[in-house]
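Scroll down for the structure; my scribbles are underneath it.
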Amino acid sequence: MLLLFPELKPYATHRLKVSALHELHVEEAGNPAGIPVVFVHGGPGGGTDGSSRRYFDPDFYHIIVFDQRGAGRSTPHAELEENNTQALVQDMEVIREFLQLDKWMLFGGSWGSTLSLVYAQTHPERVMALVLRGIFLCRDIDLQWFYQDGASRLFPDFWDNYYQHIPEAERHDMIAAYHRRLTGADEIARMGAAKAWSLWEGCCSTLRTNPHVVDRFSDPHFAMALARIEAHYFVNNTFLEKDQILNNADKLHGIPGIIVHGRYDVVCPLDNATALHKRWPDSELYIIRDAGHAASEPGITDALIKATNEMAKLFRPERAS
Ligand code: STX
0 MLLLFPELKP YATHRLKVSA LHELHVEEAG NPAGIPVVFV HGGPGGGTDG SSRRYFDPDF
60 YHIIVFDQRG AGRSTPHAEL EENNTQALVQ DMEVIREFLQ LDKWMLFGGS WGSTLSLVYA
120 QTHPERVMAL VLRGIFLCRD IDLQWFYQDG ASRLFPDFWD NYYQHIPEAE RHDMIAAYHR
180 RLTGADEIAR MGAAKAWSLW EGCCSTLRTN PHVVDRFSDP HFAMALARIE AHYFVNNTFL
240 EKDQILNNAD KLHGIPGIIV HGRYDVVCPL DNATALHKRW PDSELYIIRD AGHAASEPGI
300 TDALIKATNE MAKLFRPERA S
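In structure tokens, the structure reads:
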């Protein structure tokens with residue numbers, strides 16, 4: 000089993016102003032002459048941390064990590080104005096041009112897979128390869144499954160806390176009910192809703208409930224960005240057309256991809272990955288037999304690092320062994 004690469008510090012960090020309102024945190028690590036790879040984080044609103052750069056061999060990769068609008072160290076924190084899928088795709092173009100890169104590899108899990116796929120379908124000529132984990136197609140059935148009726152039946156104990164937070168009269172549309180509280184004037188109500196929303200996701204992310212993951216999702220700063228930004232995207236159908244990603248799968252033609260998905264992923268069920276893989280002949284699918292959703296699951300981490308090592312061989316056969 001492969002483990003994360005050792006901790007490493009960025010050799011450069013940047014603040015990129017991408018609109019009158021939003022400023023992004025961007026960092027570069029590894030080998031500046033290596034294969035450029037961008038880490039696309041989940042949520043939306045999840046942000047990055049020190050582990051984000053550790054999926055890539057720093058001798059072979061030029062590692063780019065950034066926090067999407069309102070997430071992590073980007074500012075304003077948890078901001079919803081001018082925050083949508085198309086703006087995030089555009090921001091990735093701003094980052095790519097700022098770093099003077101012709102093409103790059105995308106590495107994204109969960110919402111990071113969604114955004115990577117939308118980016119690749121918009122700018123296929125800019126994408127060398129995709130390494131994706133915990134595919135999230137953001138179809139109606141995917142949102143219904145996790146936030147309304149589905150995952151509730153596998154984790155009824157954790158569901159109770161998420162469900163009870165909303166009065167009965169509003170429970171027919173849980174995403175809308177949370178969105179009202181997360182965007183309301185009452186700060187205490189916003190914080191309470193953020194914690195209940197985020198905890199639900201944290202508790203379901205791993206095969207066995209992991210206290211470190213639950214702690215991270217309970218952190219008020221983390222929970223506020225994750226919950227507000229997710230609910231904002233989801234009430235807007237993630238700013239995508241119905242089944243947009245599958246319907247545009249032909250645009251991925253010729254882009255090599257590795258998909259890693261846990262068989263017991265309850266946040267984003269495995270059929271997200273099989274549906275994508277069927278329509279994208281250039282992809283390989285690895286189903287991890289004893290894993291849920293999170294990148295930190297041992298089998299998922301192992302498969303992701305194998306995937307980036309394979310891609311390093313593909314793009315630098317003379318250097319990688
Ligand atoms: N959200 C799925 C997602 O993108 C519904 C996701 N799940 N966990 C994460 O993101 C983080 C660990 C990045 C917060």
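Just so we're aligned: 33 in this note's numbering is position 34 of the sequence shown, and the numbers increase by one with no gaps anywhere.
The beta carbon of each residue, even a glycine, is placed where N, CA and C say it ideally should be.
Here the structure is a predicted model, which is why all the values come from computation and not from measurement.
Going by CA-CA distance only, name the one from Pro-297, Val-117, Ala-293, Arg-262 that's closest to Tyr-285.
Indexing the sequence shown from 1 puts residue 285 at position 286. Closest by alpha carbon: Arg-262.
On a CA-only basis, which of Asp-48, Leu-100, Cys-267 is nearest Gln-143? Give me that one, please.
One-based indexing of the sequence shown puts residue 143 at position 144. Out of Asp-48, Leu-100, Cys-267, Cys-267 has the C-alpha closest to the C-alpha of Gln-143.
Spatial distance of Arg-125 from His-164 (CA atoms)
Within the sequence shown, numbered from 1, the residue matching residue 125 stands at position 126. Within the sequence shown, numbered from 1, the residue matching residue 164 stands at position 165. Rounded to whole angstroms, Arg-125 to His-164 spans 44 Å at the Cα level.
Nearest-angstrom beta carbon gap, Thr-121 and Val-88 [assumed within contact, 8 Å]:
In the sequence shown, counting from the first residue as 1, residue 88 sits at position 89. In the sequence shown, counting from the first residue as 1, residue 121 sits at position 122. Correct: roughly 5 Å between the Cβ atoms.
Looking at Pro-255 and Ala-128, is the spacing between their C-beta atoms short of 8 Å?
The sequence position of residue 128 within the sequence shown is 129, counting from 1. The sequence position of residue 255 within the sequence shown is 256, counting from 1. Yes, they are a contact pair.
How many angstroms separate the CA atom of Pro-155 from the CA atom of Val-213?
Within the sequence shown, numbered from 1, the residue matching residue 155 stands at position 156. Within the sequence shown, numbered from 1, the residue matching residue 213 stands at position 214. So the two alpha carbons sit approximately 17 Å from each other.
Looking at Ala-272 and Ile-134, is the spacing between their C-beta atoms short of 8 Å?
Position 135 of the sequence shown, counting from 1, holds the residue named residue 134. Position 273 of the sequence shown, counting from 1, holds the residue named residue 272. Result yes, Cβ atoms of Ile-134 and Ala-272 sit closer than 8 Å.
Cutting at 6 Å between CB atoms, please list the residues of its own chain near Leu-116, excluding the five before and the five after it.
Mapped onto the sequence shown, residue 116 falls at position 117. Hits under 6 Å: Ile-244.
When we look at the beta-carbon of Lys-16 and count the other beta-carbons within 10 Å, is it buried (16 or more) or exposed?
Here residue 16 corresponds to residue number 17 of the sequence shown, with the count starting at 1. Lys-16 comes out exposed.
Measure the C-alpha to C-alpha separation of Trp-110 and Gly-42 and round it to an integer number of angstroms.
Within the sequence shown, residue 110 is the residue found at index 111, counting from 1. Within the sequence shown, residue 42 is the residue found at index 43, counting from 1. If you take the alpha carbons of Trp-110 and Gly-42, they lie about 5 Å apart.
Taking 7 Å as the line, does the beta carbon of His-122 fall inside it for any heavy atom of ligand 1?
For the purposes of this step, residue 122 is taken as residue 123 along the sequence shown, with counting starting at 1. Every heavy atom of ligand 1 is 7 Å or more from the Cβ of His-122, so no.
Starting from the C-beta of Ser-320, find all residues in its chain whose C-beta is less than 6 Å away, skip the five residues before and the five after it, and write them out in chain order.
In the sequence shown, counting from the first residue as 1, residue 320 sits at position 321. Because Ser-320 sits at a pLDDT of 48, beneath the cut-off of 50, its placement in the model cannot be relied upon, and the following sentence gives the value as read from the coordinates. Cβ neighbours of Ser-320 beyond the five flanking positions: none.
Does at least one heavy atom of ligand 1 sit under 7 Å from the Cβ of Gly-42?
Translated into the one-based positions of the sequence shown, residue 42 becomes position 43. Result yes, Cβ under 7 Å from ligand 1.
CB-CB length for Thr-12 against Glu-26, believed under 8 Å:
Numbered from its first residue, the sequence shown carries residue 12 at position 13. Numbered from its first residue, the sequence shown carries residue 26 at position 27. Correct: roughly 5 Å between the Cβ atoms.
Rounding to the nearest angstrom, what Cα-Cα distance links Arg-14 and Glu-167 in this structure?
Residue mapping note: residue 14 aligns to position 15 of the sequence shown, counting from 1. Residue mapping note: residue 167 aligns to position 168 of the sequence shown, counting from 1. If I take the Cα positions, the gap works out to 44 Å.
Does ligand 1 have a heavy atom nearer than 7 Å to the CB of Ser-204?
In the sequence shown, the residue the question calls residue 204 occupies position 205. Yes, since a heavy atom of ligand 1 falls inside the 7 Å radius drawn around the Cβ of Ser-204.
For Leu-225, verify whether its CB is less than 7 Å away from any heavy atom of ligand 1.
Looking up residue 225 in the sequence shown gives position 226. Answer for Leu-225: yes, Cβ within range of ligand 1.
Given that a residue counts as buried once 16 or more other Cβ atoms are within 10 Å of its Cβ, and exposed if not, what is Arg-207?
Counted from its first residue, the sequence shown places residue 207 at position 208. With fewer than 16 Cβ atoms within 10 Å of its Cβ, Arg-207 is classed as exposed.
Between Gly-107 and Leu-114, is the Cβ-Cβ spacing less than 8 Å?
Working through the sequence shown from its first residue, we reach residue 107 at position 108. Working through the sequence shown from its first residue, we reach residue 114 at position 115. Contact: yes.
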